[in-house]
Amino acid sequence: MKWSRMSGFTLLEMMVVMLLVSSMALYGIHGFKQQRMALQLEQAGQVLLTFLQQAQRRAFAENSTGQIEVNAEQRSVRVQNTSRMYVPSSSDITVASQLTTNAGFYGVRNNALAGHIDLSNSAGTVSVIWSAQGRLRLCAQPQRLLGIPSCN
Numbered sequence: 393m394k395w396s397r398m399s400g401f402t403l404l405e406m407m408v409v410m411l412l413v414s415s416m417a418l419y420g421i422h423g424f425k426q427q428r429m430a431l432q433l434e435q436a437g438q439v440l441l442t443f444l445q446q447a448q449r450r451a452f453a454e455n456s457t458g459q460i461e462v463n464a465e466q467r468s469v470r471v472q473n474t475s476r477m478y479v480p481s482s483s484d485i486t487v488a489s490q491l492t493t494n495a496g497f498y499g500v501r502n503n504a505l506a507g508h509i510d511l512s513n514s515a516g517t518v519s520v521i522w523s524a525q526g527r528l529r530l531c532a533q534p535q536r537l538l539g540i541p542s543c544n
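Just so you know, we're using this note's numbering here: the sequence shown kicks off at 393 and counts up by one.
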């Protein structure tokens, strides 16, 4: 029996390789999408935290009141009596809050009326929380999200 010395792959081998590569690519794309959503949420939380820190500093420096208004329909956070407004850069991030009518920062002794604002998308929820002493923090619910610690 004479064997020919042909080189190359059979059709079956090529089909198996293509199946393996495509299944790994689909798994990778799903993981990449989840990671991208989590990164967008983390970035939006950091930007909101910075926005509120600036409002707090301005209220303290000017010895004024910076009340916070949240509009869930427009997905915006605004400091009353200023033109400054925060809107998440990604359209899939929603804004929610549980604020009293006077929630915000007060320049006298750098105090605040406590509250929190939640940002969420399919990756999870991030909360920016401020206390009556004026401390601001960023945390994730219900579990840790990337570099953001859990709220629990």
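Here a beta-carbon is modelled for each residue, glycine too, at the ideal position from N, C-alpha and C.
Straight-line spacing of the CA atoms in residue 457 and residue 465 works out to 25 Å. Residue range 528-533 is occupied by the beta strand (DSSP E) that includes residue 533. Contact between residue 478 and residue 440 holds, since their C-beta atoms are separated by about 6 Å, short of 8 Å. Taking residue 484 as the centre and dropping the five residues before and after it, the same chain places the C-beta of 513 closer than 6 Å to its C-beta, in chain order. Looking at 422, 400 and 510, the one whose alpha-carbon comes closest to that of residue 462 is 510.
Judged by DSSP secondary structure, residue 442 falls within the alpha helix (DSSP H) whose first and last residues are 403-454.
Distance from the CA of residue 496 to the CA of residue 519, rounded to the nearest whole angstrom, comes to 16 Å.
The beta carbon of residue 445 lies closer than 7 Å to those of 528 in the same chain, with the five residues before and after it left out. Distance from the Cα of residue 474 is smallest, within the candidate group 530, 493, 450 and 490, for 450. DSSP places residue 502 in the helix class (H, G or I) of the three-state scheme.
Rounded to the nearest whole angstrom, the CA to CA distance from residue 533 to residue 506 is 18 Å.
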